[in-house]
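FYI, the numbering for the sequence shown is 269 to 529, going by the numbering used here. The beta-carbon is built from N, C-alpha and C at its ideal position, and this holds for glycine as well. Read the structure below first, then the notes.
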Amino acid sequence: MSGTRPPTIILTGGSRGIGLSCLKFLLQSPIRANVVSLSRSFPPELQELKKSYEQNLQVIQGNVAKDEDNKLAVDTAIKSFGSIDGLILNSGIIKFERIDDPNKRSIEAWKEVFDVNFFALVSILKHSLVHLRSSKGRVVFVSSGASVGGIASWGSYNTSKAAMNSLCRTLASEEPTITSIALRPGVVDTEMQVQLRSEAKEVMNSPNFKHFNGLYESSKLLKPEGPAEVISNLAIRAEQKLSGQFLSWDSEELAGYRTQS
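This is how it looks when you write it as structure tokens:
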């Protein structure tokens, strides 16, 4: 990143939750980053940000599972801002079903999860790496503790996030001038937790469901602003020594990237 211009970040899944908090941080911090946001929806809060930061924010309403939409995001960043300094790969979905669910013998739901949570990453990387090499940029993969776990009925989510972590390590090996980090954001109060409480009780193991529901009932779910601050700072200034690692947002290694705890 040049010292004379703001960084340019491509953000996926920026319409709500952690992604929306990242977008606000990037736009409102003293750095005032340029951002290309790619997400399926364009809700009122995102529309207001577009009005307030018209010169710094480009919004693409599209699907990360479509290669042409990822290419459009990259092309828009270059056309609008001249460079790409970082990616925040935050889009993700979850489907709750057991491997041997008698009512769901098709693997289509698994494919849908992998299309969004994994293959979309490969797609946008293929379009953006040439620009990230030029800027010695950063890639932040928004992963999950599920990537190293095995929660029942989360199979496609668990494995797609594990694949994400592996892709991060591989990218770090193949592209030594690009800093690649997979980040565990913790259990955050987002739409995924709402979905879990409404859809997953019958298919999750009871202790796991009670754990997540208990975090909600005791108001212990994380607010998205804390992890979003770390993610955004990493996308702007992550140190190369972190490349290839899977780290928790509240880890000691990332203390210099957060003000919230």
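Starting from the Cα of residue i, find the closest Cα among the options and give me that residue.
i       : options                            : result
Phe-349 : Arg-300, Gln-315, Ile-446          : Arg-300
Gly-330 : Glu-313, Trp-378, Ile-346, Leu-279 : Leu-279
Asp-460 : Glu-442, Phe-310, Ser-412          : A quick correction: the sequence has Met, not Asp, at residue 460. For Met-460, the nearest C-alpha among the options comes from Ser-412.
Leu-439 : Arg-452, Leu-451, Leu-393          : Leu-393
Ile-449 : Glu-497, Phe-409, Asn-501          : Phe-409
Gln-528 : Lys-469, Ser-391, Pro-453          : Pro-453
Would you say residue i faces chain C, with C-beta separation under 9 Å as the test?
i       : result
Arg-401 : Absent from the structure: chain C. Only one protein chain is present.
How is the beta strand (DSSP E) around residue i delimited, first residue to last?
i       : result
Val-303 : 302-307
Thr-427 : Run containing Thr-427: none in the beta strand (DSSP E); it sits in the alpha helix (DSSP H), 423-442.
Leu-325 : 325-329
Phe-409 : 406-410
Ile-278 : 276-280
Leu-340 : Per DSSP, Leu-340 belongs to no beta strand (DSSP E); it is in the alpha helix (DSSP H), 335-349.
Phe-514 : 514-516
Note down the Cα distance separating residue i from residue j, rounded to an integer number of angstroms.
i       : j       : result
Ser-374 : Ser-424 : 13 Å
Lys-292 : Ile-362 : 24 Å
Asn-481 : Lys-488 : 10 Å
Arg-308 : Ile-286 : 15 Å
Leu-295 : Ser-283 : 14 Å
Ser-421 : Phe-514 : 23 Å
Ile-346 : Leu-483 : 42 Å
Ser-486 : Lys-339 : 43 Å
Thr-344 : Gly-281 : 16 Å
Asp-335 : Ala-388 : 7 Å
Leu-317 : Pro-370 : 45 Å
Lys-372 : Arg-366 : 9 Å
Gly-512 : Cys-436 : 6 Å
Apart from the five residues just before and just after residue i, which ones in its own chain have a Cβ nearer than 7 Å to its Cβ?
i       : result
Thr-445 : Arg-401, Lys-404
Leu-522 : Val-498, Leu-515
Pro-495 : Ile-286, Pro-453, Gly-454, Val-456, Trp-517
For residue i, collect the residues of the same chain with a Cβ closer than 6 Å to its Cβ; drop the 5 residues on either side in sequence, then sort them by chain order.
i       : result
Val-342 : His-395, Ser-396
Arg-526 : Glu-497, Val-498
Ile-419 : Asn-476
Asp-383 : Ala-333
Leu-314 : Ser-283
Asn-302 : Pro-274, Thr-276, Asn-324, Phe-349
Tyr-321 : Leu-295
For residue i, which residues of its own chain have a beta-carbon under 8 Å away from its beta-carbon, when the five flanking residues on both sides are left out?
i       : result
Val-381 : Ile-361, Ile-362, Lys-363, Ser-424, Tyr-425, Ser-428
Glu-443 : Leu-397, Leu-400, Arg-401
Alpha helix (DSSP H) containing residue i: first to last residue?
i       : result
Ala-450 : Ala-450 -> not in any alpha helix (DSSP H); beta strand (DSSP E) instead, spanning 447-452.
Gly-354 : No alpha helix (DSSP H) holds Gly-354; the beta strand (DSSP E) holding it covers 354-357.
Phe-382 : 376-382
Arg-401 : 388-403
Leu-489 : Premise fails: Leu-489 is in no alpha helix (DSSP H) and is neither H nor E.
Arg-465 : 459-467
Ser-320 : 312-320
Phe-293 : 285-296
Return yes when at least one heavy atom of the ligand HEM lies under 8 Å from the C-beta of residue i, else no.
i       : result
Gly-281 : What this structure holds is no ligand at all, so the ligand HEM is not there to describe.
Practice prompt. Determine contact between the region 395-402 and the region 345-362, defined as no fewer than three beta-carbon pairs at a distance below 8 Å.
Written response: Yes: the two stretches touch, three or more of their Cβ pairs being nearer than 8 Å.
Practice prompt. Could you tell me whether the region 500-510 touches the region 471-478, using the rule of 3 or more Cβ pairs below 8 Å?
Written response: Too few Cβ pairs lie closer than 8 Å, so no.
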